[in-house]
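Written below as structure tokens is the structure these notes are about.
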Amino acid sequence: MSGKKRKKATVYHFSATPAAAGPSGSSQAGTTAPATKPVLREKTSVSQSDGHVRQHRTVVEVPAATLAPKVHPDVRKEFAPIYDWYSGGDMGVDRADDDNDWEDDEDNDDEGPRAPRPSDDPLGQWAEDHLAQTLAEILRLKGRGDHANHTMCLRCTKNAADHRCMHCLSGGELLCGDCILDGHRYLPFH
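Oh and the sequence shown: position 109 is 109 in full-length UniProt numbering, straight run, nothing missing.
Here you go:
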């Protein structure tokens, strides 16, 4: 052999936990008695040496886990909750007459569909109330905005104000080209 030194094998161990690791279906659930059946787990060993990967699987018996005692024993409910409609007995209201009202409502199914309400179309209602105002505000902000009355640059008052940078600290103020460039020289990474 040449003077090559062999690498030490890297070994990884994996073990898959089976779904039924503990006792299941036991009539003594909640006790601390150990399981009678042995628990078997599959153990997978993966080793790597000189670029070759080897995998070896074995079945290993592990000690059976015991069930932990319950923190609180099951509480017997002596009185089951009663889910009943409000009888109104405290106020002297007799709800027995309401049964007849329900029967009368079943006969009124021939009325047809209900009348449309404004809440059936909320977007249409919003469009009627706010669409014109919203579109006017969008156009104002995309156009000259608050600077509609100013045609000259507010900083130098020499050139026409026709440039805007929304990312600058000025918040979208209309300036001339020279003032925009000067501002970006001071804040190049805004």
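Here a beta-carbon is modelled for each residue, glycine too, at the ideal position from N, C-alpha and C.
Beta-carbon spacing of residue i, residue j below 8 Å
i, j, result
"residue 193", "C168", "This structure does not reach residue 193, given that the chain is present from 1 up to 190, and the question cannot be answered."
"Q125", "P118", "yes"
Three-state secondary structure assigned by DSSP to residue i
i, result
"K142", "helix"
"T157", "coil"
"R114", "coil"
"L174", "coil"
"T151", "coil"
"L181", "helix"
"H130", "helix"
Counted within 10 angstroms of its Cβ, other Cβ atoms place residue i as buried (16 or more) or exposed
i, result
"C156", "exposed"
"A160", "exposed"
"E42", "exposed"
"I138", "exposed"
"L181", "exposed"
"E173", "buried"
Whole-number beta carbon distance between residue j and residue i, since they are thought to touch under 8 Å
i, j, result
"L175", "H163", "6 Å"
"T44", "R54", "That pair is no contact at about 11 Å."
Same chain only: Cβ atoms within 8 Å of residue i, ignoring 5 sequence neighbours per side
i, result
"P63", "V39"
"G25", "A caution first: G25 carries a pLDDT of 44, below 50, which makes its placement in the model unreliable, though a value can still be read off. So the list is empty, once near-sequence residues are dropped."
Beta-carbon proximity list for residue i, same chain, < 6 Å, skipping 5 on both sides
i, result
"D121", "none"
"C179", "C153, R155 and C156"
"P113", "none"
Min CB distance residue i to chain D below 8 Å
i, result
"E137", "The chain labelled as chain D is not found in the depicted structure, where only one protein chain is given."
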